[in-house]
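Per full-length UniProt numbering, residue 1 is the first one in the sequence shown, and the count goes up by one each step.
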Amino acid sequence: MTNSFIITRINNERNILSSDNPEELATISKELSNLSEITDSYSELKKAQGELQEIKAILQETTATAEEELKSLVQEEYQEYLEKIKKLELQLIQVLLPKDLADEGGAVIELRAGTGGDEAALFVNDILRMYERYAVLCKWNFEILSKSEETIGTIKVIQRIPITEKAGRVHTSTVTVAILPVPSETDVKFKESDLRIDYYRSSGKGGQHVNTTSSAVRITHIPSGIVVAIQDERSQPKNKAKALRILQARLYDMERSKSHHLRSENRRQQVGTGERSEKIRTYNFTQNRVTDHRINLTLYELDKVLNGESLQVIIDGLKVNDQIEMLQSNDNI
Numbered sequence: 001m002t003n004s005f006i007i008t009r010i011n012n013e014r015n016i017l018s019s020d021n022p023e024e025l026a027t028i029s030k031e032l033s034n035l036s037e038i039t040d041s042y043s044e045l046k047k048a049q050g051e052l053q054e055i056k057a058i059l060q061e062t063t064a065t066a067e068e069e070l071k072s073l074v075q076e077e078y079q080e081y082l083e084k085i086k087k088l089e090l091q092l093i094q095v096l097l098p099k100d101l102a103d104e105g106g107a108v109i110e111l112r113a114g115t116g117g118d119e120a121a122l123f124v125n126d127i128l129r130m131y132e133r134y135a136v137l138c139k140w141n142f143e144i145l146s147k148s149e150e151t152i153g154t155i156k157v158i159q160r161i162p163i164t165e166k167a168g169r170v171h172t173s174t175v176t177v178a179i180l181p182v183p184s185e186t187d188v189k190f191k192e193s194d195l196r197i198d199y200y201r202s203s204g205k206g207g208q209h210v211n212t213t214s215s216a217v218r219i220t221h222i223p224s225g226i227v228v229a230i231q232d233e234r235s236q237p238k239n240k241a242k243a244l245r246i247l248q249a250r251l252y253d254m255e256r257s258k259s260h261h262l263r264s265e266n267r268r269q270q271v272g273t274g275e276r277s278e279k280i281r282t283y284n285f286t287q288n289r290v291t292d293h294r295i296n297l298t299l300y301e302l303d304k305v306l307n308g309e310s311l312q313v314i315i316d317g318l319k320v321n322d323q324i325e326m327l328q329s330n331d332n333i
């Protein structure tokens with residue numbers, strides 16, 4: 001893809017900006033922003049490559065005649081430009097990759113205790129706190145929508161000696177995690193007739209009001225069979241609003257999976273059954289170690305990962321791996 005080709009596309013898009021259709025204008029504006037990002041990255045790379053050639057020529061001229069100190073300075077600058085070009089090439093690849101529109105919105109994270117009994121339930125709280133701390137560090141909004149046992153996702157394994165364990169034996173527990181993009185109102189549409197909404201009394205903690213009024217809400221999406229039940233709030237309307245948000249996220253994820261068969265297949269393989277043998281990441285408390293098995297990355301700073309501080313290191317590694325897979329996929333070249 002050449003710079004002139006990108007500029008031509010930008011000019012064509014700008015000509016279409018005279019459209020009176022708001023949705024079309026929004027789409028074109030995003031496309032223009034993406035194209036501008038591409039051409040800026042490409043121009044920066046070409047400039048650095050030109051400067052590298054100039055430094056290379058100077059280096060060749062000074063090799064035989066210049067003093068050692070001058071040679072060293074030129075060679076150092078040459079190496080710096082080589083590293084700079086590598087970074088710019090990676091940056092260009094990143095902006096050329098297809099954008100996932102779901103990345104622009106929020107997400108619903110679903111956690112479920114797997115194998116391990118009470119210890120697995122404690123592990124869920126550890127992972128929940130990790131994501132919450134990470135959201136705070138990223139200055140994102142974070143809200144607990146519901147405490148639910150019904151979820152699916154990838155397997156994370158924990159190994160530690162519980163506080164209640166007197167014999168000092170290491171216990172292994174698992175947690176499943178699903179991250180669902182939150183759709184916009186236009187991404188997911190369903191008819192009121194497709195929903196069956198049941199109201200009932202909440203169970204468990206919450207006081208007399210929660211247990212004696214029909215504030216709990218269960219919404220069933222009849223065509224798909226997806227069921228969402230919320231009873232955390234004292235208010236029925238609030239529970240209903242939360243249930244609808246989760247339902248929209250699940251329906252959106254289902255539609256995305258249908259249109260991305262390979263992604264759907266990978267997701268099903270990762271969901272598994274919550275057994276210890278199915279894992280994507282291991283958290284070993286006794287060694288202060290976390291290992292992501294998808295990219296063979298090991299960090300001996302589990303405490304910082306669970307604090308949300310070092311989680312970005314793992315995320316960055318996963319992003320690079322995803323970009324490589326996208327480049328290798330015939331569907332995305």
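We treat Cβ as the ideally placed atom computed from N, Cα and C, and that holds for glycine.
Beta-carbon proximity of residue i to residue j, cut-off 8 Å
| i | j | result |
| --- | --- | --- |
| Val-320 | Leu-302 | no |
| Tyr-200 | Ala-216 | yes |
| Leu-45 | Leu-92 | yes |
| Ala-243 | Ile-219 | yes |
| Leu-52 | Val-74 | no |
| Arg-133 | Asn-307 | yes |
| residue 334 | Tyr-252 | One cannot answer for residue 334 here, as it falls past the ends of the chain, which runs 1 to 333. |
| Leu-311 | Ile-295 | no |
| Ala-135 | Val-175 | no |
| Leu-88 | Ser-41 | yes |
| Phe-123 | Ser-202 | no |
| Val-182 | Gly-117 | no |
| Ile-246 | Val-228 | yes |
| Lys-279 | His-293 | yes |
Collapsed DSSP secondary structure at residue i in the structure displayed
| i | result |
| --- | --- |
| Asp-194 | helix |
| Thr-2 | A caution first: Thr-2 carries a pLDDT of 48, below 50, which makes its placement in the model too unreliable to give a value. |
| Glu-309 | coil |
| residue 336 | Missing from the structure shown is residue 336; the chain here goes from 1 to 333 and no further. |
| Thr-39 | helix |
| Ser-72 | helix |
| Arg-129 | helix |
| Lys-319 | helix |
| Gln-328 | helix |
| Ser-29 | helix |
| Arg-112 | strand |
| Arg-276 | Here the model assigns Arg-276 a pLDDT of 49, short of 50, so the residue's position is not dependable and the matter cannot be decided. |
| Leu-97 | coil |
| Lys-139 | coil |
| Ile-144 | coil |
| Glu-233 | coil |
| Ile-314 | helix |
| Val-188 | coil |
| Gly-117 | coil |
| Ile-152 | Because the pLDDT of Ile-152 is 40, which lies under 50, any placement of that residue in the model is unreliable, and the number read from its coordinates should be weighed accordingly. Here Ile-152 sits in coil by DSSP. |
| Thr-164 | Low per-residue confidence applies at Thr-164: pLDDT is 45, beneath 50, and the placement is therefore not dependable enough to give any value. |
Option nearest residue i by Cα separation, candidates the options
| i | options | result |
| --- | --- | --- |
| Ile-55 | Glu-44, Ser-43, Lys-71 and Ser-41 | Lys-71 |
| Tyr-283 | Ile-295, Arg-294 and Leu-299 | Leu-299 |
| Glu-255 | Tyr-81, Gly-317 and Pro-223 | Pro-223 |
| Leu-180 | Asp-194, Lys-240, Leu-297 and Ser-257 | Ser-257 |
| Gln-49 | Asp-100, Leu-59, Leu-32 and Lys-84 | Lys-84 |
| Ala-57 | Lys-139, Tyr-78, Met-326 and Arg-294 | Tyr-78 |
| Ile-38 | Thr-172, Asn-141 and Pro-98 | Pro-98 |
| Pro-237 | Gly-117, Tyr-252, Ser-214 and Asp-253 | Ser-214 |
| Lys-225 | Leu-195, Ile-246, Ala-241 and Gln-323 | The question names Lys, yet the displayed sequence has Gly at residue 225. Among Leu-195, Ile-246, Ala-241 and Gln-323, the Cα nearest to that of Gly-225 belongs to Leu-195. |
| Cys-138 | Ile-315, Glu-325 and Leu-327 | Ile-315 |
| Leu-297 | Glu-309, Arg-281, Phe-285 and Gly-116 | Arg-281 |
| Leu-32 | Val-95, Lys-47 and Glu-76 | Val-95 |
| Glu-309 | Lys-86, Trp-140 and Tyr-131 | Tyr-131 |
| Lys-30 | Met-326, Glu-76 and Asp-100 | Asp-100 |
| Gln-323 | Asn-288, Leu-90 and Glu-80 | Leu-90 |
Paired residues, beta bridge with residue i - DSSP
| i | result |
| --- | --- |
| His-221 | Leu-195 and Ile-226 |
| Leu-297 | Asp-292 |
| Pro-181 | Ala-107 |
| residue 347 | Only positions 1 to 333 of the chain appear in the structure, and residue 347 is not among them; the question remains open. |
Residue i beta carbon near the ligand GTP (any heavy atom closer than 7 Å)
| i | result |
| --- | --- |
| Ala-178 | This structure does not include the ligand GTP; it has no bound ligands of any sort. |
Test: residue i CB closer than 8 Å to a CB of chain C
| i | result |
| --- | --- |
| Gly-105 | Chain labels in this structure do not include chain C; a single protein chain is all it has. |
* Is the stretch 106 to 115 touching the stretch 124 to 131, taking contact as three or more C-beta pairs under 8 Å? -> yes
* To do: Please determine if the stretch 137 to 149 and the stretch 230 to 237 are in contact, where contact requires at least 3 C-beta pairs separated by less than 8 Å.
  => yes
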